[in-house]
Amino acid sequence: MVSRQDAPILIAGGGIAGLATAFALALKGVTVRVLEQSGEFREVGAGIQLGPNIFRALTRMGLRDAVLADAWRPGAQEMRCALSGRSITRIPLGEAYARHFHEPYAVTHRADLHGVFLRACQAQRLISLENNRRVVDFAEDPDGVSVKLASGDELCGSALIGCDGMWSQVREKIVGDGPPRVSGHIAYRAVLRREDVPDDLWQSDVILWAGPRTHFVHYPLRRGELYNLVAVFHSDRYVEGWNAEADAAELWTHFKGQRPEVLRLLERIETWRMWVLCDREPIKQWSRNRVTLLGDAAHPMLQYLAQGACMATEDGVCLADKVADHPGDPSAAFRAYQEARYLRTGRVQIMARVYGEFYHARGVTAELRDQMLGTRTPEQAYEGIAWLYGGM
144 MVSRQDAPIL IAGGGIAGLA TAFALALKGV TVRVLEQSGE FREVGAGIQL
194 GPNIFRALTR MGLRDAVLAD AWRPGAQEMR CALSGRSITR IPLGEAYARH
244 FHEPYAVTHR ADLHGVFLRA CQAQRLISLE NNRRVVDFAE DPDGVSVKLA
294 SGDELCGSAL IGCDGMWSQV REKIVGDGPP RVSGHIAYRA VLRREDVPDD
344 LWQSDVILWA GPRTHFVHYP LRRGELYNLV AVFHSDRYVE GWNAEADAAE
394 LWTHFKGQRP EVLRLLERIE TWRMWVLCDR EPIKQWSRNR VTLLGDAAHP
444 MLQYLAQGAC MATEDGVCLA DKVADHPGDP SAAFRAYQEA RYLRTGRVQI
494 MARVYGEFYH ARGVTAELRD QMLGTRTPEQ AYEGIAWLYG GM
């Protein structure tokens, strides 16, 4: 077989993970082909939260200011009881926070973050962005990889990076662990225009209403022009993907009896989108020779630490570093990347489950949560999350 060691690296998936990785590799002088299954590069969804750790990665890529230009900088994160309305804990995100972590906390629309990465990739001559390219299989040999597409076409590359998400086809061939773990939690999400939010309900901070087996989060997006709403509750429903139309009646059943502020915001929504929250058990090995996984394909996590996009961006920067450290040897680079990332991402996967239990606590467990969180000083709150936000 003709040597393909100088061929581009192939990336399966053109979401946030795939584009962040492509751009990070291009900055190292690596040629990349991004294979996106849909007819256009776009991101569905709603708001995401960006911790200081992703801003360190974005700084490495020169994209920090571009992301902040469209983001919203909340003054605090606050957890309130969804039944009584009282404040459980409030974490300031201003000067003291910035001194502690040396980077901001922000919230943004997924499409805005994706758009920053997309425009950066479009400006890079080393990156080829290709649509209608769904990867369904691959084969590898000492010189490179061959990728089979749903169309029947085959492409060749020096290596393959699976950024194809929770239901990754690449992962199934490397790890073979079947479908993801269904958490028993379901999320409804919607975005309102600022003018559609009553003034007394609009909050500049990230507000989380914690209820028994439920929680409801809201915060501004896109420089304050939009308002993001996410309602989560326990359910045994399962729908693959995360953009299905949701049944409002099921939502009302779970949030019945909660605070008027919560119910009034829920009433503003005409159409909800839903997704079933899934993750997987942490694993130590997600690479095989010239093929590796990244982001949700490698370490899918529940959303309770708001770290899916953050971890994927960190992954991309780390992987690019390792590829640069091992020129011409993607197998060694992928092993080094995996070794550098598996414990950090595994900890986030596990702790996201723990936070989900905190948010949805009821009875005595909720009282203990409120007592523990309510007595913390802001500095103690910062120290409690320093393992995460101090990374990258």
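Its first residue numbered 144, the sequence shown is counted upward by one per residue in this note's numbering.
Using N, Cα and C, we set each Cβ at its ideal position, and we do this for glycine too.
From a predicted model like this one, the values you see are computed outputs, not experimental measurements.
Check each candidate in the options and name the one with the smallest Cα separation from residue i.
| i | options | result |
| --- | --- | --- |
| aspartate 308 | Gly527, Thr164, Leu437, Arg478 | At residue 308 the sequence reads glycine, which differs from the aspartate that was named. Per the Cα distances, Leu437. |
| proline 322 | Arg314, Leu486, Asp348 | Arg314 |
| valine 334 | Met417, Thr396, Phe166 | Met417 |
| leucine 261 | Leu292, Ala189, Ala239, Gly157 | Gly157 |
| proline 443 | Asn432, Asp458, Tyr362 | Asp458 |
| isoleucine 304 | Arg487, Asp343, Ser181, Leu153 | Leu153 |
| aspartate 343 | Arg332, Arg407, Tyr525, Phe281 | Arg407 |
| glycine 451 | Asp255, Leu193, Asp280 | Leu193 |
| arginine 185 | Pro195, Asp255, Val491 | Asp255 |
| glutamine 267 | Ala214, Met204, Glu410, Lys316 | Met204 |
| valine 466 | Ala150, Lys171, Leu162 | Lys171 |
| valine 259 | Gly499, Arg276, Ala212 | Ala212 |
| isoleucine 528 | Asn371, His252, Arg490 | Arg490 |
| arginine 411 | Leu372, Ala524, Ala504, Ala302 | Leu372 |
| cysteine 299 | Cys306, Ser311, Asp286 | Asp286 |
| glutamate 500 | His358, Val405, Glu393 | His358 |
| glutamate 393 | Gly188, Tyr331, Met515, Asp339 | Tyr331 |
| tyrosine 362 | Leu272, Leu516, Val349, Tyr447 | Val349 |
| leucine 162 | Cys306, Glu413, Pro195 | Cys306 |
| arginine 365 | Lys427, Leu292, Ala165, Trp215 | Trp215 |
| leucine 369 | Phe376, Ala391, Val340, His377 | Val340 |
| valine 405 | Trp395, Glu413, Leu292 | Trp395 |
| glutamate 183 | His257, Ile231, Ala150, Val419 | His257 |
Helix, strand or coil: how does DSSP classify residue i here?
| i | result |
| --- | --- |
| phenylalanine 398 | helix |
| histidine 361 | strand |
| valine 497 | helix |
| valine 145 | Reliability of the predicted coordinates at valine 145 is poor, the pLDDT of 40 falling under 50, and the value obtained from them is presented with this limitation in mind. Looking at valine 145 - three-state DSSP - the assignment turns out to be coil, as it is neither helix nor strand. |
| valine 187 | coil |
| histidine 243 | helix |
| methionine 222 | strand |
| methionine 515 | helix |
| arginine 253 | helix |
| methionine 204 | helix |
| arginine 337 | helix |
| isoleucine 154 | strand |
| methionine 535 | coil |
| leucine 193 | strand |
| tyrosine 91 | No answer is possible for residue 91: the residues shown for the chain start at 144 and end at 535. |
Which residue comes first and which comes last in the alpha helix (DSSP H) that contains residue i?
| i | result |
| --- | --- |
| phenylalanine 281 | Note, phenylalanine 281: premise wrong, no alpha helix (DSSP H); beta strand (DSSP E) at 278-284. |
| aspartate 458 | 451-468 |
| arginine 505 | Looking at the DSSP string, arginine 505 is not in any alpha helix (DSSP H), and its letter there is neither H nor E. |
| threonine 568 | Here the chain has residues from 144 to 535 only, and residue 568 is not among them. |
| glutamate 526 | 521-527 |
| arginine 233 | First-last for arginine 233: 230-235, but that is the beta strand (DSSP E), not the alpha helix (DSSP H). |
| lysine 316 | 312-317 |
| arginine 407 | 403-410 |
Give me the Cβ distance between residue i and residue j, rounded to the nearest whole Å; I'm assuming they're in contact under 8 Å.
| i | j | result |
| --- | --- | --- |
| serine 347 | glycine 218 | 6 Å |
| arginine 423 | aspartate 320 | 7 Å |
| methionine 454 | leucine 351 | No, methionine 454 and leucine 351 are not in contact; Cβ-Cβ is about 21 Å, not under 8 Å. |
| arginine 353 | tyrosine 502 | In the sequence as presented, arginine is not what sits at residue 353; that position holds alanine. Their Cβ separation, rounded to whole angstroms, is 5 Å, which keeps alanine 353 and tyrosine 502 in contact under 8 Å. |
| glycine 190 | valine 279 | That belief does not hold up - the Cβ atoms of glycine 190 and valine 279 are roughly 32 Å apart, past 8 Å. |
| alanine 160 | aspartate 439 | 7 Å |
| isoleucine 512 | alanine 504 | In the sequence as displayed, the identity of residue 512 is arginine instead of isoleucine. Their Cβ separation, rounded to whole angstroms, is 5 Å, which keeps arginine 512 and alanine 504 in contact under 8 Å. |
| threonine 271 | proline 473 | Per the sequence shown, the amino acid found at residue 271 is serine instead of threonine. Incorrect: roughly 18 Å between the Cβ atoms, too far for contact. |
| glutamine 428 | arginine 276 | Rounded, the Cβ-Cβ distance is 27 Å, inconsistent with contact. |
Which two residues bound the contiguous beta strand (DSSP E) that contains residue i?
| i | result |
| --- | --- |
| phenylalanine 376 | 369-377 |
| leucine 448 | Neither: leucine 448 is in no beta strand (DSSP E) and is coded neither H nor E. |
| threonine 435 | 434-436 |
| lysine 291 | 287-292 |
| arginine 173 | Correcting the residue type first, residue 173 is valine in the shown sequence and not arginine. It is not in any beta strand (DSSP E) - valine 173 carries neither H nor E in the DSSP assignment. |
| methionine 417 | 416-422 |
| isoleucine 270 | 270-273 |
| alanine 353 | 349-354 |
| cysteine 299 | 297-300 |
- Task: Taking 8 Å as the threshold, find out whether the region 399-407 comes into contact with the region 210-228 through three or more Cβ pairs.
- Result: Touching, yes, given that three or more Cβ pairs across the two stretches are closer than 8 Å.
- Message: Pairs of beta-carbons, one from the region 238-255 and one from the region 517-532, closer than 8 Å: are there three or more?
- Response: With the rule of 3 Cβ pairs closer than 8 Å, the region 238-255 counts as touching the region 517-532.
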